[in-house]
Amino acid sequence: MKKKLFVGVMVLCLVVFVSAVRSDLAHAQRKYVSIASGWVVGVYFPLAGAISRIAHEKLPDIKITVESSGASVANAKLIATGDADLAILQNDISFYAFQGTKPMFDKPVPNIRGMAALYPEHCQIHARKDAKIASVRDLKGKRVAVGPLGSGTEQNAIQILEAYGLKFEDLGKVERLTAAESGDYLKDGRIDAAFYTTGVGASAIVDPAITVDSMIVPIDGAQADALVKKYPFYSKDKVPAGIYKGVDKDVPTVAVLAILVVKAELAEDIVYRITKAMFENIKTIEGAHAKGKEVKLEKALTGMPIPLHPGAEKFFKEKGMK
Ligand code: GLU
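For the sequence shown, the working numbering begins at 323 and goes up steadily by one.
So this is what it looks like as structure tokens:
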């Protein structure tokens with residue numbers, strides 16, 4: 323009887339030991355993939371969260387961790403150093419990174435590869451109504467948040483001001499705040515306006531607009547034409563009425579595209595599986611933010627200015643797209 327009990331206990335110990343070793347092994351074989359996103363109050367962050375959730379549910383051997391960041395320029399640099407595996411950023415900035423366009427990049431980021439184009443991001447200048455900024459030209463002498471450090475927004479701000487014959491030096495005060503801080507400063511009257519290149523409906527603008535009487539400054543006419551001509555990443559678009567409190571008419575502006583990129587060194591199989599899982603579970607992306615509904619397989623290669631990663635290319639070829 324004692325012997326039987328002893329054998330039983332030994333078998334049980336063995337079972338526990340073997341399953342512990344197996345789960346350790348599974349853990350060790352698990353591939354950790356990081357994704358550099360953007361502002362917590364932007365659109366990249368919730369969409370990156372959705373991509374991570376899809377991996378969690380459909381790819382148990384891949385764990386995707388989401389990092390917030392200043393966004394596009396910072397993210398391209400994280401790809402260059404290998405500190406991020408995936409990143410969401412603007413298509414204009416991905417091209418500048420690949421080329422090494424100064425002053426944003428002092429050298430090219432040769433290992434940045436495309437995975438999928440996601441959705442249009444609008445250049446939105448959110449202004450206090452009492453600052454009386456009817457045109458970009460009226461930003462002269464005003465206190466303006468020009469985009470967080472490392473953002474693509476800041477580059478767009480430079481180009482948009484340039485189209486109106488202005489430079490940062492012409493502004494009354496140039497603030498480099500996080501997107502969340504910009505909203506607070508706007509509410510408190512510590513700035514007159516803030517630039518954001520982000521999906522329409524980002525909480526960076528939705529939230530402050532609830533409490534401060536505000537508007538979106540139009541970018542249109544000859545200046546919008548000149549911008550599109552000089553920097554072909556821009557397209558003319560509009561911020562639709564009814565998204566932000568106080569904005570009851572469509573406001574003309576320009577837009578670029580948000581794209582998902584990946585470092586060239588990430589294994590083809592991993593990139594293939596993440597791309598496939600993403601498009602096969604698009605509902606999760608759609609549920610993360612209103613802009614997620616604009617992410618579509620048919621548009622995944624439109625406006626992609628950098629070479630595709632072979633893993634993504636394999637998936638799109640399978641879909642008959644390349
Ligand atoms: N496009 C923004 C930038 O790079 C980030 C937008 C977001 O996080 O939604 O400046």
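The beta-carbon is built from N, C-alpha and C at its ideal position, and this holds for glycine as well. Remember, it's a predicted structure, so these values are computed and weren't measured experimentally.
- Secondary structure note for Y354: it is in no alpha helix (DSSP H), and the uninterrupted beta strand (DSSP E) holding it is K353 to A358.
- Contact between G360 and I410 holds: CB atoms are separated by about 6 Å, below the 8 Å threshold.
- Inter-residue distance for L440 and A580 is about 5 Å (C-alpha atoms, whole angstroms).
- Rounded to the nearest whole angstrom, the CA to CA distance from K560 to Y518 is 14 Å.
- The C-beta distance from H611 to G521 rounds to 7 Å, short enough to meet the 8 Å contact threshold.
- Taking 7 Å as the cut-off, the C-beta of G543 does not count as close to any heavy atom of the ligand GLU.
- Annotation for P574: no alpha helix (DSSP H) segment contains it, though the beta strand (DSSP E) segment containing it runs V573 to K585.
- Cβ contact annotation for A438 (same chain, cutoff 6 Å, sequence separation greater than five): L582 and A622, in chain order.
- With respect to L493, V466 sits close: the two C-beta atoms are nearer than 8 Å.
- The three-state reading of DSSP puts T387 in strand, counting E and B together.
- Assignment of S473 by DSSP, reduced to helix, strand and coil, places it in the coil class.
- Fully contained in the segment 515 to 574 are the following beta strand (DSSP E) runs of length 3 or more, in chain order: 515 to 520, 536 to 539 and 557 to 561.
- The segment 362 to 378 and the segment 584 to 592 do not touch, with fewer than 3 CB-CB distances between them shorter than 8 Å.
- Scanning its chain for C-beta atoms nearer than 8 Å, with the 5 sequence neighbours on each side dropped, one finds around Q351 the residues D383, in chain order.
- The Cβ-Cβ distance between V576 and L549 falls below 8 Å.
- For L411, the shortest C-beta to heavy atom distance toward the ligand GLU is below 7 Å.
- With fewer than three CB-CB distances shorter than 8 Å, the segment 368 to 382 does not count as touching the segment 415 to 429.
- Taking 8 Å as the cut-off, the Cβ atoms of S504 and A485 do not count as close.
- The beta strand (DSSP E) runs lying completely inside the segment 444 to 498 and spanning 3 residues or more are 465 to 467 and 495 to 497, given in chain order.
- DSSP places I513 in no beta strand (DSSP E); its state is neither H nor E.
- Cβ contact annotation for G422 (same chain, cutoff 6 Å, sequence separation greater than five): K429 and P430, in chain order.
- Rounded to whole angstroms, the gap between the alpha carbons of K644 and G511 is 51 Å.
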